[in-house]
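Chains as they are written, first to last, in this note's numbering: chain S, 1 to 384; chain Z, 385 to 981.
So the structure is just underneath, and the comments pick up after that.
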């Protein structure tokens, strides 16, 4: 029996290995590849005894780190494992994040044969200087090659990641990057403003005065340019940083995060959201392997958000998505009308052109509102 | 009576008054070194930190003189600020002598002179103490010359001391005995005593501090306060050591306390005369005044949930501070709070600091106001100290404001700067006189309203701390008052409204708008700040909107972290006040209370 009430779950598989750690990245990863085999074994172990979601999963997402560092055999083993241990849906979106520096035509084909049906290529940029600043292991032409090879390998659902707001680069340059990306006619684009996270080498460099982060005005211009250019090119801006050519090409997996759907996170540092509980695994790959292989749970911490906390999540995540906060669903879920809680703020923020109501039951950010999504969410959350 | 000496220590600020008190107490062995905190007499934290004494403390020191006689030396401490000059005068009225402490390197300063005059007014015998002689920069000869020329005192009996190192302490104690006269009084006459202070004990009620002028007092006596004829039965009388020491009787010349089931200190009046209910004395001691608040301000808790705590804290403070008055007040922007009346600005600051420190409250206070007389078209006179209650100007015939006579004692090199400051504050220079070749007194008549707005800080800064200031209320004078309102994105913020003289309105409005612009954080939309009189906008500032505030990535592992951040922000926002759609931080309300200099 596969049809049950509730949103279908997703499975996230974290592969914390990289050829080299990028200086801006704050995801957990290590550059010591010697433990990959035992890590994959541990993933299969964890699948066997982890908490299962109520509704059958319809996505598997390999994120990292650099999951494309794994062999297609390993990827295949993990996918097979998922089908063995989870009550998977009939139609599963299986995504692999790919570093252009780790793949060639034959590996891409092999991934496809192993069951991957969606690729996200971490191009980040096509400009060698920017890639150098970001410490990537590939150059611009390798990024382009990887995109072309992916298409030749038979993938249709392909997306790329791009980073804007790299210090020392002008807005005009970013438009050129977007045009290059558009030339591939890809169904999915993610455009991220470079975030300099505390604890990363890039952050230390900034603290040491080696570069200054882009000014707020430039950052805002970049975001506006992104929205304009991709809108003109026919992309649907379905989440703050995500654009899809047609609704069918949205990341089915990532949408689970923004809609409050359940997901099982497997691997070191992975987060899960199952049956109303949020929990996360130990951060270190070594500890993860040690725990799982000795039959212990890798879960490091957990919390069950109370009603107010769930409301905060619903507002913050809802606003990020194009569909906004569905006021009917909100009222059904929390037993209180959006207007009763947020009415005054919604009026204020609408008057200032930051919020609008769509299809008469959804509260959505305007384009200006998207530039200030966190602040807008903060105002609404202040009413809870 | 011959074995009693009653005296105070007076000094310019920082000349070492408190340290000297400590040494005198230590040298008489009534307190063990272990229990001793520096500056024993300043018991409030704020006093210890600011180095000023607000709440005076009294202590009776047993001392065996070189003549072999055991004396009781009553050291009556005095508060050290102009707001409390009445309290100082009551303390000095209870003494026969004073130690005038002068810093050996700083020499005679403004407050040295002001304090000496106050002591002379009460016919006290003054012993100059040249303190801090251990400092390398000490110049004893210079100070002696100043004592003669600036103070007109004989430098001969002056004692050189270093309170810090304990030098000269024995000489001072001996001089108190030999140079100061014993108290006069008739132990057989009807009981008559002067109240110079009171404090509150949660178990015993009000502790009244007094000096017996004539007669004597015992437990079970029925006493009467002469200002209001209130009667009480005495439960206990005693003297002050570090603790209270009960006595069977207190007689003429003695200084001590009484406990008589008096609920709050407001039931006693500093300067009041106590007598026997059955056999009263002929006349009360002269110089009694009711405590009269002259500065008014509203206090609101930053977090509206703290209102009950604020209420509770004010009730407790009031037990120990007869001069503090308050009543409930409400603001659209700030919620419930209290309108409070104070003796002056320092009194306001002390109350604010005690509430924040001792009661852990975070407060917003509104601009201090004086009490105006408003003559209405129906000939009634309304007293207004709260801008929120200011009547519609069409019904006002005349407004009057309180004036003070301000005496400023200063080295003459600051004369020009002081003249500018006082004229800028609508003052009239009525007199000036030289005390010595370069030290002078300037007398101004000033609107009190101009003094409560940052006057004392400005005076201190333009005279580099040398100018001292004292004032008396003289009368009410006709003025041209307007109510200045502030609007934030069109919404009037009632807690920012001020009553100001029409000529000052534009400047004050501009200055306040500028301050608010600096303190209100950027919003996601433009914020307009306007100053208005009536419907007319007279000043304006704009805070541009920020352009971007959005997290780039939000996936599975980011949700809990992001939510926690939002929860923290939400908590932080509780400390912000909403004026319509604009968030105003506490700092913005506080910044408008002072000029930028």
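We put the CB at the ideal spot given by N, CA and C, even for glycine.
Going by DSSP in three states, residue i sits in which element: helix, strand or coil?
i: residue 880 of chain Z; result: helix
i: residue 17 of chain S; result: strand
i: residue 273 of chain S; result: strand
i: residue 504 of chain Z; result: helix
i: residue 376 of chain S; result: helix
i: residue 920 of chain Z; result: strand
i: residue 448 of chain Z; result: strand
i: residue 247 of chain S; result: helix
i: residue 837 of chain Z; result: coil
i: residue 281 of chain S; result: strand
i: residue 358 of chain S; result: strand
i: residue 383 of chain S; result: coil
i: residue 976 of chain Z; result: coil
i: residue 133 of chain S; result: helix
i: residue 561 of chain Z; result: helix
i: residue 117 of chain S; result: coil
i: residue 409 of chain S; result: There is no way to answer for residue 409 of chain S, as the model of chain S reaches only from 1 to 384.
i: residue 436 of chain Z; result: The pLDDT assigned to residue 436 of chain Z is 44, lower than 50, so where the model puts this residue is not dependable; a value taken from the coordinates is nonetheless given after this. Coil, per DSSP.
i: residue 626 of chain Z; result: coil
i: residue 846 of chain Z; result: helix
i: residue 519 of chain Z; result: coil
Using a C-beta cutoff of 7 Å, does residue i count as contacting chain S?
i: residue 680 of chain Z; result: no
i: residue 438 of chain Z; result: The predicted model places residue 438 of chain Z with a pLDDT of 43, which falls under 50 and marks its position as unreliable; any figure quoted below should be read in that light. For residue 438 of chain Z, the answer is no, since every Cβ of chain S falls outside 7 Å of its Cβ.
i: residue 932 of chain Z; result: yes
i: residue 418 of chain Z; result: For residue 418 of chain Z, the predicted structure reports a pLDDT of 46, less than 50, and the residue's modelled location is therefore unreliable. A value from the coordinates is still provided. No, no contact with chain S.
i: residue 950 of chain Z; result: yes
i: residue 970 of chain Z; result: no
i: residue 906 of chain Z; result: no
i: residue 961 of chain Z; result: no
i: residue 965 of chain Z; result: yes
i: residue 941 of chain Z; result: yes
i: residue 953 of chain Z; result: yes
Just to confirm the assignment, what range does the beta strand (DSSP E) spanning residue i have?
i: residue 63 of chain S; result: 59-64
i: residue 643 of chain Z; result: 639-643
i: residue 969 of chain Z; result: 966-969
i: residue 455 of chain Z; result: 454-460
Beta-carbon of residue i versus every beta-carbon of chain Z: anything under 7 Å?
i: residue 216 of chain S; result: yes
i: residue 12 of chain S; result: yes
i: residue 241 of chain S; result: yes
i: residue 105 of chain S; result: no
i: residue 138 of chain S; result: no
Measure from the C-beta of residue i to each C-beta in chain C and report whether the shortest distance is under 7 Å.
i: residue 311 of chain S; result: No chain C is part of this structure, whose protein chains are labelled S and Z.
The alpha helix (DSSP H) spanning residue i covers which residue range?
i: residue 367 of chain S; result: 367-371
i: residue 896 of chain Z; result: 886-903
i: residue 74 of chain S; result: 72-85
i: residue 46 of chain S; result: 36-49
i: residue 255 of chain S; result: 252-259
i: residue 307 of chain S; result: 307-320
Between the Cα of residue i and those of the options, spot the shortest distance and give me the residue it belongs to.
i: residue 804 of chain Z; options: Z/830, Z/787 and Z/780; result: Z/830
i: residue 43 of chain S; options: S/281, S/353, S/156 and S/342; result: S/281
i: residue 834 of chain Z; options: Z/534, Z/480 and Z/789; result: Z/789
i: residue 253 of chain S; options: S/133, S/103 and S/263; result: S/263
i: residue 875 of chain Z; options: Z/856, Z/823 and Z/965; result: Z/965
i: residue 699 of chain Z; options: Z/586, Z/687, Z/757 and Z/485; result: Z/586
i: residue 113 of chain S; options: S/89, S/71 and S/88; result: S/71
i: residue 320 of chain S; options: S/368, S/131 and S/57; result: S/368
i: residue 95 of chain S; options: S/89, S/105, S/115 and S/110; result: S/115
i: residue 762 of chain Z; options: Z/754, Z/775, Z/770 and Z/755; result: Z/775
i: residue 305 of chain S; options: S/295, S/274, S/318 and S/232; result: S/274
Round the Cβ separation of residue i and residue j to the nearest angstrom and send it over; I've been treating them as touching at under 8 Å.
i: residue 14 of chain S; j: residue 267 of chain S; result: 4 Å
i: residue 722 of chain Z; j: residue 694 of chain Z; result: 7 Å
i: residue 260 of chain S; j: residue 197 of chain S; result: Not a contact, Cβ separation roughly 25 Å.
i: residue 786 of chain Z; j: residue 680 of chain Z; result: Incorrect: roughly 12 Å between the Cβ atoms, too far for contact.
i: residue 846 of chain Z; j: residue 802 of chain Z; result: 7 Å
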